[in-house]
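Protein chains in written order, with the working numbering: chain A, 1 to 158; chain B, 1001 to 1286. C-beta atoms are modelled at their ideal positions from N, C-alpha and C, and glycine is treated no differently.
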Amino acid sequence: MRVTLTVNAEPATADDVWEGESLLYVLRERLALPGSKNACEQGECGSCTVLLDDVPVCACLVAAGQAQGREIVTVEGLADTDGALHPVQQAFIDAGAVQCGFCTPGLIMQTHDFLRRTDGVPADADIRERLAGNLCRCTGYEKILDAVRLAAGRMANQ
Amino acid sequence: MDFLQPHSLAEALTLKAAHLAAMPISGGTDIMVEINFDARRPEALLDLNQVTELTRWAPDGDLIRIGAAVPYVRVIGELGGALPGLAMAARTVGSPQIRNRGTIGGNLGAASPAGDCHPVLLACGAIIEATSVRGTRQIPAAEFYIGPKRNALAADELITAVLIRPATGGQQFAKVGTRNAMVIAVCAFALDLRADGSVGTGIGSAGPTPLRATEAEEFLTAELAGRSTAALPEPLARRFGELVAAAARPIDDVRGTAAYRRHALSVLARRTLAWTWNAKGDKKCA
Chain A
1 MRVTLTVNAE PATADDVWEG ESLLYVLRER LALPGSKNAC EQGECGSCTV LLDDVPVCAC
61 LVAAGQAQGR EIVTVEGLAD TDGALHPVQQ AFIDAGAVQC GFCTPGLIMQ THDFLRRTDG
121 VPADADIRER LAGNLCRCTG YEKILDAVRL AAGRMANQ
Chain B
1001 MDFLQPHSLA EALTLKAAHL AAMPISGGTD IMVEINFDAR RPEALLDLNQ VTELTRWAPD
1061 GDLIRIGAAV PYVRVIGELG GALPGLAMAA RTVGSPQIRN RGTIGGNLGA ASPAGDCHPV
1121 LLACGAIIEA TSVRGTRQIP AAEFYIGPKR NALAADELIT AVLIRPATGG QQFAKVGTRN
1181 AMVIAVCAFA LDLRADGSVG TGIGSAGPTP LRATEAEEFL TAELAGRSTA ALPEPLARRF
1241 GELVAAAARP IDDVRGTAAY RRHALSVLAR RTLAWTWNAK GDKKCA
């Protein structure tokens, strides 16, 4: 089947989509957007987190056809069109929150959604709670918490 | 595989009647896992994301009618005041991303003994609304779960709503797992203490289906009658826990042993009773 959707503010069309295919597969394999990562395929790890009509979801658990006509934002769509990184992306780099990098796109999408709904720097318990569905096997999470606090502080001062 | 995408409930029911093997999909948090892992190949997917009738909740007489496709995140955000037990259970589902997509209707459709909503639906005496082109019927939660991952739906029916009475007293939900997120319950327990003195219970993940502990309910109803709000005596709470544990029918599996589940349930029952009793009159969601 054909699926037409909006991805990162651009219209996109995927053809020959299998009906049982996930949105993640469409993004990575049909639309050449490999930013969203494919790891667990069962919603456990959060590395495929994208915004579906502005709501963070695991793209691996959205059937391709469910994305028909809807708006998707992936990690590729977060930076400014002039290439300037989103404050969350910059904070992950500055805080050393990226090691192998596989979990990073999902964590950045989830953190972005969290911080745009949060005033000021959130409490650690709230950060942990909001990122509970994103697994990282490298960092031990401390640098990720640093990055979230750094991004929140910078965004509050903008 | 076909992909059926109705844009109204009427259209969805017609499609379901014409494609009895079609698998309804809303949040996809169960179905897509099975498809991704090749554990299920439905003849068709019946996507309910465009059926807006299913995404609303509203008071319905003395009850609250929650559309089957209302996601957990909205149960937590919008219904925590009226339905604190259900909101607490919803709060323990998966992760933020999963709660953004997963729905009570999906929990009921999957009918896993470990589904987080079931103990609360049993404790509160919720009614499941099943609809087909033939009409609508209301199924009490206690009659809905008929076996492991099996429910009372007919092949042409869709779960359209859940009807629940707003809390009149205290409610609690507690779950044992290895983490606070992304956890399938080792066991779970829900308690509903009502203003009329009656008691509702629900046990999760400790039997072939979610279960009520009816003897424990009768015991507690009798014991609480006419009692002041002073702290409950320890032997009473302990006996309640024992009766809840006795009502469970657990097995040994990868998540825990039957003996552990029984023990944990007695503890959860005792604790939720104390929390609910000591917070009497306070209906705030945890």
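Helix, strand or coil at residue i [DSSP, three-state]
i: T1209 (chain B); result: coil
i: F114 (chain A); result: helix
i: L150 (chain A); result: helix
i: C45 (chain A); result: coil
i: R1153 (chain B); result: Residue identity check: residue 1153 (chain B) is Leu in the sequence provided, not Arg. Three-state DSSP puts L1153 (chain B) in coil, outside helix and strand.
i: P1140 (chain B); result: strand
i: T1014 (chain B); result: helix
i: M1001 (chain B); result: coil
i: M1023 (chain B); result: strand
i: G1135 (chain B); result: strand
i: T1029 (chain B); result: coil
i: E21 (chain A); result: coil
i: I1184 (chain B); result: coil
i: G1200 (chain B); result: strand
i: C60 (chain A); result: helix
i: P34 (chain A); result: coil
i: A1231 (chain B); result: coil
i: P1006 (chain B); result: coil
Minimum Cβ-Cβ distance from residue i to chain B less than 7 Å
i: V148 (chain A); result: no
i: L107 (chain A); result: no
i: C58 (chain A); result: yes
i: Q99 (chain A); result: no
i: T49 (chain A); result: yes
i: V121 (chain A); result: no
i: V75 (chain A); result: no
i: V88 (chain A); result: no
i: V3 (chain A); result: no
Proximity test, Cβ basis, 7 Å: residue i and chain A
i: A1181 (chain B); result: yes
i: E1028 (chain B); result: In the sequence as presented, Glu is not what sits at residue 1028 (chain B); that position holds Gly. Closer than 7 Å: yes.
i: N1036 (chain B); result: yes
i: C1285 (chain B); result: Confidence at C1285 (chain B) is low in this model, with a pLDDT of 42, below 50, so its placement is unreliable and no value can be given for it.
i: I1066 (chain B); result: no
Where the beta strand (DSSP E) through residue i begins and ends
i: G1147 (chain B); result: 1145-1147
i: F1240 (chain B); result: First-last for F1240 (chain B): 1234-1247, but that is the alpha helix (DSSP H), not the beta strand (DSSP E).
i: W1057 (chain B); result: 1057-1060
i: F1189 (chain B); result: 1187-1193
i: R957 (chain B); result: Limits of chain B in this structure are 1001 at one end and 1286 at the other, which puts residue 957 (chain B) out of reach.
i: I1064 (chain B); result: 1063-1067
Between the CA atoms of residue j and residue i - distance to the nearest angstrom
i: L1273 (chain B); j: S1095 (chain B); result: 27 Å
i: T1201 (chain B); j: F1173 (chain B); result: 10 Å
i: K1283 (chain B); j: E21 (chain A); result: Its pLDDT being 42, under 50, K1283 (chain B) is placed unreliably in this model, and the value from its coordinates should be taken loosely. Looking at the two C-alpha atoms, the distance is approximately 43 Å.
i: R1091 (chain B); j: L31 (chain A); result: 35 Å
i: A39 (chain A); j: N134 (chain A); result: 11 Å
i: G1147 (chain B); j: M109 (chain A); result: 39 Å
i: L1268 (chain B); j: V1033 (chain B); result: 30 Å
i: A1248 (chain B); j: V1199 (chain B); result: 17 Å
i: C138 (chain A); j: Q99 (chain A); result: 6 Å
i: F92 (chain A); j: L1193 (chain B); result: 47 Å
i: A1022 (chain B); j: T6 (chain A); result: 27 Å
i: G101 (chain A); j: A1225 (chain B); result: 60 Å
i: F1219 (chain B); j: A1190 (chain B); result: 16 Å
i: Q66 (chain A); j: T1168 (chain B); result: 39 Å
i: D94 (chain A); j: R149 (chain A); result: 12 Å
i: R1137 (chain B); j: T1131 (chain B); result: 6 Å
i: D53 (chain A); j: R70 (chain A); result: 6 Å
i: A1279 (chain B); j: P1084 (chain B); result: 13 Å
i: D113 (chain A); j: I127 (chain A); result: 12 Å
Partner residues on chain B for residue i, Cβ-Cβ distance less than 8 Å
i: V62 (chain A); result: G1028, M1032, R1101
Opening and closing residue of the alpha helix (DSSP H) in which residue i lies
i: F1173 (chain B); result: Not the alpha helix (DSSP H): F1173 (chain B) falls in the beta strand (DSSP E), residues 1170-1176.
i: E29 (chain A); result: Here E29 (chain A) belongs to no alpha helix (DSSP H), and DSSP marks it neither H nor E.
i: I1104 (chain B); result: 1104-1110
Contact list for residue i against chain A, beta-carbon separation under 8 Å
i: G1094 (chain B); result: G43, G133
i: M1001 (chain B); result: W18, E19, G20
i: I1104 (chain B); result: Near I1104 (chain B) there are no residues of chain A at all, since even the closest Cβ is about 17 Å away, more than 8 Å.
i: I1164 (chain B); result: Here the premise fails: no neighbours, minimum Cβ distance about 25 Å.
i: I1025 (chain B); result: A63, Q66
Contact list for residue i against chain A, beta-carbon separation under 9 Å
i: D975 (chain B); result: In the structure as shown, chain B starts at 1001 and stops at 1286, and residue 975 (chain B) therefore has no counterpart that could be examined.
i: I1184 (chain B); result: Near I1184 (chain B) there are no residues of chain A at all, since even the closest Cβ is about 11 Å away, more than 9 Å.
i: Q1005 (chain B); result: G65, Q66, Q68
Beta-carbon neighbours of residue i, restricted to chain B and to distances below 7 Å
i: G46 (chain A); result: S1095, Q1097
i: R130 (chain A); result: P1096
i: V26 (chain A); result: Residues of chain B passing the Cβ test: none, with the nearest at roughly 13 Å.
Neighbour list for residue i in chain B, Cβ cutoff strictly below 9 Å
i: V7 (chain A); result: None at all; the shortest Cβ gap to chain B is about 18 Å.
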